[in-house]
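Residue numbers (our numbering), protein chains in the order written: chain A, 5 to 627; chain B, 5 to 627. For every residue, glycine included, the Cβ atom is placed at its ideal position computed from N, Cα and C.
Protein chains: 2
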Amino acid sequence: MRNFTVIFLPANSKISVPCSKTLLQAARECKLAVDAHCGGRGLCGGCAVRIVEPKDPPLLDEDRCYLSREQLKEGFRLACRHKVDRDLTVRLPRAEEIPSAKLSILELESSEIKPQGAPRKILFTPPRSSLRELNIHLEKALLEVLPPGRPPVLPLEIISRFSGLLGSGQYPVTLIAEEDRLIGVEPGDTSDRILGAAVDIGTTTIALYLCDLESGRMLAASAMTNSQSSYGADVMSRIGFSLENPEGLSILSRTVRRDLKGLAEEACLRVSASPELIYRWVLVGNTTMQHLFLGIDPSPLGRSPYLPLVNSAVRFSPGELGLPSSPFASGVFLPTVAGHVGADTVAVALAARLDQARKLTLAIDLGTNGEIVLAQGGRMLCCSTAAGPAFEGARIQMGMRAETGAVDRFRINIKGEVELHVIGEDVRPRGICGSGLVEIAAELLRWGVIDRSGRILPPEELAGNTALILSRRIKPGEFGQYSFMVSEGSDEAVPVILTQRDIRELQLAVGAISSGIKVLLKLAGFSAEDIETVLMTGAFGHYLDPSCAVAAGIIRGVNLDRIRSIGNAAGLGARDALISAEEMEKAIEIASRMEFVELATNPHWQEEFTESMFFPEPERPVR
Amino acid sequence: MRNFTVIFLPANSKISVPCSKTLLQAARECKLAVDAHCGGRGLCGGCAVRIVEPKDPPLLDEDRCYLSREQLKEGFRLACRHKVDRDLTVRLPRAEEIPSAKLSILELESSEIKPQGAPRKILFTPPRSSLRELNIHLEKALLEVLPPGRPPVLPLEIISRFSGLLGSGQYPVTLIAEEDRLIGVEPGDTSDRILGAAVDIGTTTIALYLCDLESGRMLAASAMTNSQSSYGADVMSRIGFSLENPEGLSILSRTVRRDLKGLAEEACLRVSASPELIYRWVLVGNTTMQHLFLGIDPSPLGRSPYLPLVNSAVRFSPGELGLPSSPFASGVFLPTVAGHVGADTVAVALAARLDQARKLTLAIDLGTNGEIVLAQGGRMLCCSTAAGPAFEGARIQMGMRAETGAVDRFRINIKGEVELHVIGEDVRPRGICGSGLVEIAAELLRWGVIDRSGRILPPEELAGNTALILSRRIKPGEFGQYSFMVSEGSDEAVPVILTQRDIRELQLAVGAISSGIKVLLKLAGFSAEDIETVLMTGAFGHYLDPSCAVAAGIIRGVNLDRIRSIGNAAGLGARDALISAEEMEKAIEIASRMEFVELATNPHWQEEFTESMFFPEPERPVR
């Protein structure tokens, strides 16, 4: 089979591939990230790339379906549909413009958790003169490093390393102990550093927190887009990819493990520490991320009743999975609760102390999925809603992640003028991210541009002083529906448009979460007014203005002053379990105590859902 | 370099080796056991083999030094000295005549130890119809197999195997748990068998006991000559071998591990069980055997102050060391006390309950080394004596192990006639084993053929009725000394001779043990009369007639009825620690509590030793 060469701009990566491969596959082989929400099945249009050379590439039905006439004219095509049947030069529209390091990392709140159960180190410098009496010194050192009690059973592996090091004259050595066991020995004096990594594997973003296990201090954080995104934007399309490709599961496993490797190396580099000084990994993530990371078949998660193969906490050897670590490191993936309530939710509950909540507390983790926990007096009810895609920019015509060029804040002032904020310095808007979407909807509702049913009113139906100005932004779209122009185009930028269909997508997401909350409240015998605290967490939840969350109806019936954002609580919980064995125990207990509520089979849910699709009565602006 | 072919009879093993190799090396490569007490340095004569073809092989000084004129005429030569410089046919004199299975295995006394802490198994047969709900079934099964309490942290390795087995439709599977951990999963129903192996690695003989861990019952035993014997008869020559050869340590490690593999496979074969059903190994042996098995440099054990690198119990993975086992098996080498007081002595103390001895108890383990433990009221004093070589047949002119052809019992009746017992059916005597040596000495002392100084009297000095008959057996030897003819030669057999030098060797061994006992007694503030019980154990100790042990002066000042033999107590202790976690803990505690007495540096010892070289006053026979 003939091979052709593809050059990817702006990275200028060159690759030679057989003509059976698609552009998306070629980009993946170059380790270049291309969005493919649908997993490369021609169903989302996310993987559009610009074919620069040769001009006028062939045009497929799928291209026409997802791309505008302007885009087609400029050479944009779907990377998943086009095979490399000649030499090509291709420009990737965004992947390369956003280095992973620039991705926002949510700072962890400072912890009140006392570090506990960390590995201990002791420097062992045998007197050079008395090599013969090494074992006496070794036993003395062991007595120091191990708690008093019965003599230890030493692992042969460590004795061999130890005698090997001493035999070759490598002094000093550092011994490492955990609880009452000697777990390692390494050359040189490494006694001042005992590192651990807490990781939150999100469907979209992976965040790693490098901690000092002795002090519990966070030393560095790093984050990146989950490279599995190239194989699908949401958990379902990744499960699909692993089902449809014989090597699918192993590709996805390797991909995320490689991401973790990169993040750990980056974080270590920043504090000038060798990754070999990482002795413990604690991971959280949703159940699909857990299965994929561990290399366990996720297919049961893809079909009702969505049962995971493993709910338990899982111990693994980081080195064997390719994570940079000490050879003596251990790793734990925290337990999950159900197919769609993962270890990240358990970590949120741990960090927010939901198991100890005396007053009624609601925690909402808004990421690609939306998980909800209602806690009081030791009882914890939880459920999961497929809220995420819209909030993460998927299925929204001009949706995108919270990256450079995304509209993330939106206000309409008293004059009817639009004030918007775009991520990045001095950049033109090029799409709408999740928080932007909610803010736009909340404002349009407030100013009467959309009604409670979500319908964009025709310009002539708009009322009030601002109507004239705003009505200019309402444009007729397909099927007799209207669109709202969020930002006008210019020579350098396309206009950013919010379509009627986008609002419908948002309504589905809002309805899912809002109805989930209602079902949990009903089951626990409470109403929204009883909620003392609402905690918003997750990449998206953290950035969302609580007032917009209320205005858009995500949270209903709760006073605004009871809502607060708690940052990346999943990462915080992972960090707590990393630095404290007690917290780890508690996480395991929380997972076993959480009561999972399956919404799909809940008799109230469908009813609540339909009702929650309506936006709440807006608080009209003072005119 | 030219290669030549050697055929070894009677096995008919053929091998082609370069002419730089010795016959001993060629035999080793064929995995044929040839005695080489000195480690193949031409210093013992143990490796004599008969070169059948071509006739009249070259004769070296070392051959003349160690072999009789008859032997030389018959083609016997030292295998360690003769290089393979032509095609050869060689008969191995004994190694092949004694299949390992025929080696005597000391039966373990039935145990009162309650099996405890054994791995548990549960059969897991998921309903075929509900593969989707596998995890529910798995979690149910886990609840059955694990004790109640907090939910488990599952090892990834086992989850992967489990899902792999179920994914490929292999039902049922068997889960294995230990304490509160799931340790394994295997295909098929193996729930009726949970095996373990207890091993006593002696310098000379290795014994393996295959046990059912659930019932504690011993299913099979197997024993063989330690194949390391080809590299030296005693611990010092093996330490020497490991020092002098760059690959020495690894050769010795591999050799003993291969022995254990063979023994386990043999024992499993006998009970029709797969060695993969062995989940636990517990090993004992002297400190050198421990170092060599574990692959740890034994050189510090070869020079004063004889400090081992590791005294602690050592945990190892049996599979990694080549021992046939379940992939989920664990292994422990019990702790040692000092350079020459090993895990075998700890196991003896465990089996004999020396830690709980209320009355003064003396345990003597007579193997290649002699270890002594004096116990009372929780205190345990121990020492080691280099007693063994003579008792194992080494350094005795016609010494041999307790194998076919060895004189092991010896009496002189009232008529002055010799009554002897030879191991094997209808065989001619061809040498003297340890117990034979002691019995002969005891009888000769009783009948006045030797005096208390150990001197063989000239025929003319013998007194009494039997003198005439016995005096015929006294022959003049070298340096004006006399020898005693134990059995007369015939056409088919050489005469078996006990030389004056042999008696001196015995005196050294007897003196070493006897003085060791005295030193321990003195340190504990007792005298021999205070001893309530003497326990004799070890391959040799078990077979030795207590009355001869007293007559030869090994045990002095103790009434005969207080002496009893307890079989292979080291093996028994290993078995106890194998089937009961409590006993394992106790063994570790015993090792840490034992007080080691270094004889060489003890001020009383030299004095006691010299005195103990004299045989005790004999109990004269009634004439």
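Residue i (DSSP reduced to helix, strand or coil)
i	result
A181(A)	strand
L1(B)	Since the first residue shown for chain B is 5 and the last is 627, residue 1(B) is missing from the structure and cannot be characterised.
E496(B)	coil
M617(B)	coil
S584(A)	strand
V260(B)	helix
P119(B)	coil
E161(B)	helix
P304(B)	helix
F600(B)	strand
M293(A)	helix
S316(A)	coil
Residue i, buried or exposed, once every other Cβ within 10 Å from all chains shown has been counted against 16
i	result
Q610(A)	exposed
P480(B)	exposed
N290(B)	buried
S20(A)	exposed
N373(B)	buried
P433(B)	buried
P250(A)	exposed
S329(B)	buried
I418(B)	exposed
S487(A)	buried
G397(A)	buried
A555(B)	buried
Cβ-based neighbour list, residue i, same chain, cut-off 7 Å, excluding 5 preceding and 5 following
i	result
P103(B)	Its pLDDT being 34, under 50, P103(B) is placed unreliably by the model, and the measurement read from it follows with that caveat. So the list is empty, once near-sequence residues are dropped.
S278(B)	C272
T129(A)	Y175 and P176
I243(B)	T292, P302, S303, L305 and G306
A361(B)	A379 and Q380
For residue j and residue i, the rounded distance between their alpha carbons
i	j	result
M588(B)	D580(B)	7 Å
I376(A)	I517(A)	8 Å
S276(B)	I300(A)	35 Å
G542(A)	R6(A)	47 Å
S334(A)	W285(A)	6 Å
P620(A)	G484(A)	25 Å
R262(B)	L298(A)	36 Å
Amino acids of chain E, ordered along the chain, whose beta-carbon sits closer than 9 Å to that of residue i
i	result
R154(A)	The structure shown contains no chain E; its protein chains are A and B.
Proximity below 7 Å, CB of residue i to CB of residue j
i	j	result
A122(A)	I198(A)	yes
L3(A)	L370(A)	Nothing can be reported for residue 3(A): it is not among the residues displayed for chain A, which extend from 5 to 627.
V498(B)	V490(B)	no
G575(B)	A211(B)	yes
Q401(B)	I460(B)	no
S519(B)	S616(B)	yes
F332(B)	V318(B)	no
L527(A)	L385(A)	yes
G458(B)	I507(B)	yes
A201(A)	L214(A)	yes
D630(B)	I594(B)	Residue 630(B) falls outside the range modelled here, since chain B spans only 5 to 627, and no answer is possible.
A513(A)	F618(A)	no
C84(A)	L169(A)	no
E536(B)	K363(B)	yes
L36(A)	F12(A)	yes
V341(B)	A573(B)	no
Residues of its chain near residue i, where Cβ-Cβ distance is below 8 Å and the 5 sequence neighbours each way are ignored
i	result
L107(B)	Unreliable placement is indicated for L107(B), whose pLDDT of 41 sits below 50; no coordinate value is reported for it.
S596(B)	P339
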